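Q: Questions regarding the structure given below will be posed in turn.
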Amino acid sequence: MTTHQQKNALAVVSCVAALAGLTVWSRSRRQLPSLAVKQLTHLRFDLSVAEIEAETKRILAQMKRVDDEIAALAPSAVTFENTTQKLIDLDHEMLSRVTNVTFLGQVADDKETRDACTKADEAIEDFLVLRSMRRDVYKAVNVLYKSAEFQTLDDVAQRYVHRLVQDFERNGLQLPEEKQKEVQAWKQKLSKLGIQFQQHLSEETIEVSFLRDELKGLRDDFFGALEKDQDDKYKIALSYPTVFPILNTCTVESTRKAVEYAFNRRCMSTNVAILEEMLEIRHKVAQALGYENHAAYVLEQMMAKSPAKVKEFLNDLNKKLEPIAKKDLDDLLKLKKADCERNGWEFDGKINMWDFRFYMDQFVKKHCSIDSEKLREYFPLAHVTAELLSMYQELLSLKFVEISHPHVWHQDVRMFAVYDARPSRVGNLVGYFYLDLFPRAGKYGHAACFTLQQSCTNSSGCREYPAAAMVANFNGPTKLKPSLLGHQEVVTFFHEFGHVMHCLCSEVTIPRFAGTRVERDFVEAPSQMLENWCWENEPLQRLSSHYETGAKLSDDLVARLISTRNAATGLLNKRQLLFAMFDQTIHSTAKSNSADLLKQLQSEIMLIDMTPDTNFAASFGHLAGGYDAQYYGYMWSEVFSMDMFMSRFKQGGLMNPKTGVAYRELILARGGSVDANVMLQDFLGRAPNQNAFLLSKGLN
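Spelled out as structure tokens, the structure:
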């Protein structure tokens with residue numbers, strides 16, 4: 150442990166910022182300093198470029214050393230302890246060390262550190278491809294898989310060994326050596342391309358500028374955080390906190406058009422070529438491994454199992470949504486026509502992409518009497534954070550204690566220790582989480598949960614406590630107002646923090662199955678389910694507090710807000726279907742022109758033409774960031790999230806701790822150690838169905 154780490158760890162105390170409104174346990178006050186010293190020494194957010202480079206080399210050397218030891222075993226000497234358990238112990242140590250040399254690439258202020266982390270990420274990913282191609286390690290694990298000892302292992306250990314063998318075989322170890330080397334080279338290339346794609350997104354700095362008159366319709370506080378250029382124009386960064394308010398509320402069509410055009414051209418000059426090269430290589434790899442296409446390769450390990458089943462699900466939903474979407478489009482067109490007549494503008498008879506969010510907002514204001522910007526005044530970030538943390542504690546039988554003067558990567562970041570509140574385990578340490586909620590130059594541009602340490606136990610019985618960071622880009626406070634959230638941002642907060650809880654509530658011993666490491670088309674379900682609290686009366690009352698008066702949302706306003714959930718549900722869900730169908734289509738063919746395909750699919754599915762010379766695929770990070778051929782999972786998993794919510798929480802009480810603990814223990818705690826279908830059956834008491842999902846979309 151370095152002096153710097155000791156200083157930070159010893160400074161930990163169990164007082165909580167008044168902002169968070171959390172209570173303090175005396176037991177936590179006694180335990181936290183020693184636990185923090187013991188458990189947080191692995192996480193470092195202050196490494197220099199030289200230290201990042203040196204540690205990366207040590208990580209790679211240790212992984213190779215363990216693989217070499219396993220490969221050197223004679224078949225007769227192979228046991229679970231000297232093969233699979235060694236790999237488990239390696240994983241136990243490696244995640245936090247890999248975090249130390251890669252995570253800052255997403256959040257560090259200085260570009261030099263981000264670049265060093267990107268290089269480290271590339272080197273590690275490159276080496277992991279090599280590891281996945283080790284025939285000698287595969288042979289040793291396969292000996293165990295076929296041995297009598299394998300039959301004596303518990304279910305989770307058997308599941309792990311089976312996955313190891315399957316992973317090796319999905320990497321082509323059954324192929325002739327020359328073909329395997331070709332697959333290896335392709336996978337290494339894919340790793341590099343994916344990192345480059347994401348780095349281009351993070352480093353995007355293009356701005357557009359407008360005079361104040363060109364930004365009519367935006368509230369005064371929007372301008373507080375903006376800078377001006379030499380022409381006295383406001384500089385608009387192409388990030389969600391600035392782009393969406395303009396697309397939602399700016400009454401100047403030419404401004405919305407310019408912003409939408411620029412936003413959906415991000416990284417086109419670099420990422421389109423990268424994406425299309427990735428698509429070609431993925432197809433080659435899939436075919437070399439005996440799969441029809443990349444989608445078939447990916448879906449083999451998902452709940453859906455096959456592209457045919459995904460296609461059936463998406464097409465069926467698209468067909469059911471069609472009449473609702475057409476009515477939604479007609480409603481928006483009527484609003485636009487009336488707007489044009491009122492202002493003496495020419496009506497072009499269609500909804501353009503720069504019109505979509507604007508007239509959606511107008512529709513909600515007119516038919517639900519909701520002004521999204523006025524609503525924002527009821528959701529100050531400080532209050533929402535305090536109530537969100539309180540609700541998650543109550544629901545999942547946990548206790549959060551904020552750490553003062555924590556070792557973090559930026560002064561805005563808050564850190565919490567998490568303790569168990571179940572009667573039989575009161576006060577036991579569960580893990581740690583971090584909140585990094587405001588935008589910064591070079592920071593990851595969306596909202597996401599990053600797992601920093603996995604919940605697991607090694608062969609010596611040493612427990613690694615999980616740690617996760619929620620990274621978001623909510624508007625920061627201005628001189629005039631505190632940070633205020635739109636309702637959709639509150640939903641996003643609940644969703645991403647749900648991933649944090651999935652990570653922290655994990656109780657599995659094998660890191661491969663910890664936390665969110667479940668089937669990818671199930672991973673969103675636990676978080677999606679928790680979004681529902683943002684659409685219910687009691688939680689909304691708790692979450693709201695007007696930033697000036699402290700007033701809660703009135704019952705009438707809550708009812709109107711809830712009514713917006715299905716406003717234009719046809720078009721909004723069609724947009725998600727567009728993303729999912731585009732993802733499936735490009736991963737089902739040998740080669741695709743992303744712009745042409747998007748243009749075709751958007752017109753067919755969403756019923757709104759794509760703006761010429763744009764291509765949002767260039768900034769569609771899911772395609773390069775591990776969701777390839779899996780975007781359908783957002784809607785697929787919503788089937789299960791709505792079933793869990795309506796069947797257990799809506800009927801049994803939203804804040805019923807008994808139901809919450811059952812959810813924690815039967816869904817969150819088990820991670821990927823049990824098939825998702827089995828977990829759902831256990832929690833629901835029956836097989837899941839689509840009834841609640843279809844009702845939530847306004848469908849019978």
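Per this note's numbering, residue 150 is the first one in the sequence shown, and the count goes up by one each step.
Positions of the beta carbon are idealized from the N, C-alpha and C atoms, including for glycine.
Here the structure is a predicted model, which is why all the values come from computation and not from measurement.
Smallest Cα separation from ASP824: which of LEU843, VAL672, ALA739?
A: As a working note, residue 824 is residue 675 in the sequence shown. Nearest option by C-alpha distance: VAL672.
Q: Would you identify the three-state DSSP class for LYS483, choosing helix, strand or coil?
A: Sequence index remark: in the sequence shown, residue 483 carries index 334 (1-based). It is helical.
Q: Verify whether the separation of the beta carbon atoms of HIS443 and HIS736 is less than 9 Å.
A: Taking the sequence shown and counting its residues from 1, the one referred to as residue 443 is at position 294. Taking the sequence shown and counting its residues from 1, the one referred to as residue 736 is at position 587. Contact: yes.
Q: Please list the terminal residues of the continuous beta strand (DSSP E) segment that includes SER351.
A: Numbered from 1 along the sequence shown, position 202 holds the residue referred to as residue 351. From DSSP, SER351 is part of no beta strand (DSSP E) but of the alpha helix (DSSP H) over 326–352.
Q: Put SER183 into one of helix, strand or coil per three-state DSSP.
A: Here residue 183 refers to the residue found at position 34 of the sequence shown. With a pLDDT of 37 at SER183, under the threshold of 50, the predicted position of this residue should be treated as unreliable, though the coordinate-derived value follows. Of the three classes helix, strand and coil, the one that applies to SER183 here is helix, per DSSP.
Q: Excluding the 5 residues preceding and the 5 following ASN722 in the sequence, name in chain order all residues of the same chain whose CB lies nearer than 7 Å to its CB.
A: Counting from one through the sequence shown, the residue named residue 722 turns up at place 573. Contacts found: LEU470, LYS846.
Q: SER632 and ASN622 look like a contact to me (Cβ under 8 Å); what is the Cβ gap, rounded to whole Å?
A: Here residue 632 corresponds to residue number 483 of the sequence shown, with the count starting at 1. Here residue 622 corresponds to residue number 473 of the sequence shown, with the count starting at 1. Actually they do not touch by this definition, with Cβ atoms about 11 Å apart.
Q: Alpha carbon to alpha carbon, how far is PHE769 from LEU171? Give it in angstroms, no decimals.
A: On the sequence shown, residue 171 is found 22 positions in, with the first residue counted as 1. On the sequence shown, residue 769 is found 620 positions in, with the first residue counted as 1. In this prediction, LEU171 has a pLDDT of 31, which is less than 50 and means its spatial position is unreliable; nothing more can be read from the coordinates.
Q: Alpha helix (DSSP H) containing GLN300: first to last residue?
A: The sequence position of residue 300 within the sequence shown is 151, counting from 1. Start and end: 297–301.
Q: Of the residues LEU481, LYS475, LYS377, which one's Cα is nearest the Cα of ARG506?
A: On the sequence shown, position 357 is the one that residue 506 refers to. Ranking the options by Cα distance to ARG506, first place goes to LEU481.
Q: Kindly indicate the opening and closing residues of the alpha helix (DSSP H) around ASP285.
A: Locating residue 285 in the sequence shown gives position 136, counting from the first residue. 284–294 is the extent of the alpha helix (DSSP H) around ASP285.
Q: Ignore the nearest five residues each way along the sequence and tell me which others in PHE549's own chain have a CB closer than 7 Å to its CB.
A: Position 400 of the sequence shown, counted from the first residue, corresponds to residue 549. Result list for PHE549: LEU171, LEU538, GLN542, PHE565, VAL567, in chain order.
Q: Ends of the alpha helix (DSSP H) at PHE317?
A: Counting from 1 along the sequence shown, the entry for residue 317 is found at position 168. Looking at the DSSP string, the run of the alpha helix (DSSP H) that includes PHE317 is 304–319.
Q: Relative to the alpha-carbon of PHE317, which residue among GLU327, ASP303, GLN333, ALA306 has its alpha-carbon at the smallest distance?
A: Along the sequence shown, read from residue 1 onward, the residue named residue 317 stands at position 168. The candidate whose alpha carbon is nearest that of PHE317 is GLN333.
Q: Given a cut-off of 9 Å, decide if LEU244 and LEU601 are closer than it, judged by their beta-carbon atoms.
A: For the purposes of this step, residue 601 is taken as residue 452 along the sequence shown, with counting starting at 1. For the purposes of this step, residue 244 is taken as residue 95 along the sequence shown, with counting starting at 1. Their beta carbons are under 9 Å apart, which means LEU601 touches LEU244 by this criterion.
Q: Closer than 6 Å by C-beta to ILE201: which residues in its own chain qualify, once you throw out the five before and the five after it? Chain order, please.
A: Taking the first residue of the sequence shown as 1, we reach residue 201 at position 52. Result list for ILE201: VAL250, ALA265, ALA269, in chain order.
Q: Could you check if ILE473 is buried or exposed, using at least 16 other CB atoms within 10 Å of its CB as the buried criterion?
A: Taking the sequence shown and counting its residues from 1, the one referred to as residue 473 is at position 324. Under this definition ILE473 is a buried residue.
Q: Need the endpoints of the alpha helix (DSSP H) that ALA597 sits in, please.
A: As a working note, residue 597 is residue 448 in the sequence shown. Taken as a continuous stretch (DSSP letters only), ALA597 belongs to no alpha helix (DSSP H), being part of the beta strand (DSSP E) at 597–602.
Q: Just verifying my parser: in three-state terms, what is the DSSP assignment at ASP258?
A: By 1-based counting over the sequence shown, the position of residue 258 is 109. Note: ASP258 maps to coil in three-state DSSP.
Q: On the premise that LEU396 lies in contact with TRP503, defined as a C-beta separation below 8 Å, what is that separation, rounded to the nearest angstrom?
A: Indexing the sequence shown from 1 puts residue 503 at position 354. Indexing the sequence shown from 1 puts residue 396 at position 247. Sure, about 7 Å apart at Cβ, within 8 Å.
Q: What residue range is occupied by the uninterrupted alpha helix (DSSP H) comprising GLU441?
A: By one-based count along the sequence shown, residue 441 stands at place 292. Taken as a continuous stretch (DSSP letters only), GLU441 belongs to no alpha helix (DSSP H), as it is neither H nor E.
Q: What residue from ALA297, ARG319, VAL290 has the CA that sits closest to TYR309's CA?
A: Counting from one through the sequence shown, the residue named residue 309 turns up at place 160. The candidate whose alpha carbon is nearest that of TYR309 is VAL290.
Q: Taking only the alpha-carbon atoms, compute the straight-line gap between LEU844 and LEU746 and give it to the nearest angstrom.
A: Reading the sequence shown from its first residue, position 695 is the one you call residue 844. Reading the sequence shown from its first residue, position 597 is the one you call residue 746. Rounded to whole angstroms, LEU844 to LEU746 spans 31 Å at the Cα level.
Q: Which of the three DSSP states is assigned to LYS433 in this structure?
A: Mapped onto the sequence shown, residue 433 falls at position 284. In the structure shown, LYS433 sits in a helix (DSSP, three-state: H, G or I).
Q: Hey, could you find the ends of the alpha helix (DSSP H) TYR389 is sitting in?
A: Stepping through the sequence shown from its first residue, residue 389 is reached at position 240. Where TYR389 is concerned, the enclosing alpha helix (DSSP H) stretches over 389–398.
Q: Work out the CA separation of LEU364 and PRO761 for me, nearest whole Å.
A: Indexing the sequence shown from 1 puts residue 761 at position 612. Indexing the sequence shown from 1 puts residue 364 at position 215. In a straight line, the C-alpha of PRO761 is about 23 Å away from that of LEU364.
Q: What are the start and end residues of the beta strand (DSSP E) that includes PHE582?
A: Residue mapping note: residue 582 aligns to position 433 of the sequence shown, counting from 1. PHE582 -> beta strand (DSSP E) spans 578–585.
Q: Shortest alpha-carbon distance to GLY254 belongs to which of GLY439, GLY821, GLU352, ARG280?
A: On the sequence shown, residue 254 is found 105 positions in, with the first residue counted as 1. That would be GLU352, whose Cα lies nearest to the Cα of GLY254.
Q: Assign GLU787 to one of two classes, buried (16 or more other C-beta atoms within 10 Å of its C-beta) or exposed (fewer than that).
A: Counted from its first residue, the sequence shown places residue 787 at position 638. The residue is buried, with at least 16 neighbouring Cβ atoms inside 10 Å.
Q: Assuming TYR508 is part of the beta strand (DSSP E), what are its boundary residues?
A: Stepping through the sequence shown from its first residue, residue 508 is reached at position 359. Segment 502–516 is the alpha helix (DSSP H) holding TYR508; no beta strand (DSSP E) there.
Q: Would you kindly report the start and end of the unbroken alpha helix (DSSP H) that includes LYS748?
A: As a position in the sequence shown, residue 748 is number 599, starting the count at 1. Note, LYS748: alpha helix (DSSP H), 743–750.
Q: Could you have a look at ARG178 and say whether DSSP puts it in helix, strand or coil?
A: Within the sequence shown, numbered from 1, the residue matching residue 178 stands at position 29. At ARG178, the pLDDT of 29 sits below 50, so the modelled position is not reliable; the number obtained from the coordinates is stated separately. In this structure, ARG178 counts as helix in the three-state DSSP scheme.
Q: Using a Cβ-Cβ cutoff of less than 6 Å, which residues in the same chain neighbour TYR446 once the five nearest sequence positions on both sides are dropped?
A: One-based indexing of the sequence shown puts residue 446 at position 297. So the qualifying residues of the chain are ALA435, TYR440.
Q: Tell me whether the region 518–526 and the region 634–654 touch, counting them as touching only if at least three CB pairs, one residue from each stretch, are closer than 8 Å.
A: These segments touch.
Q: Quick check: the Cα distance between VAL477 and LEU815, rounded to an integer number of angstroms?
A: What you label residue 477 is simply residue 328 of the sequence shown in a count that begins at 1. What you label residue 815 is simply residue 666 of the sequence shown in a count that begins at 1. This sequence places Asp at residue 477; Val is not what is there. Cα-Cα distance, rounded: 39 Å.
Q: Out of ARG368, LEU350, ALA811, point me to the one whose CA is closest to THR627's CA.
A: Position 478 of the sequence shown holds residue 627. Ranking ARG368, LEU350, ALA811 by Cα distance to THR627 puts ARG368 first.
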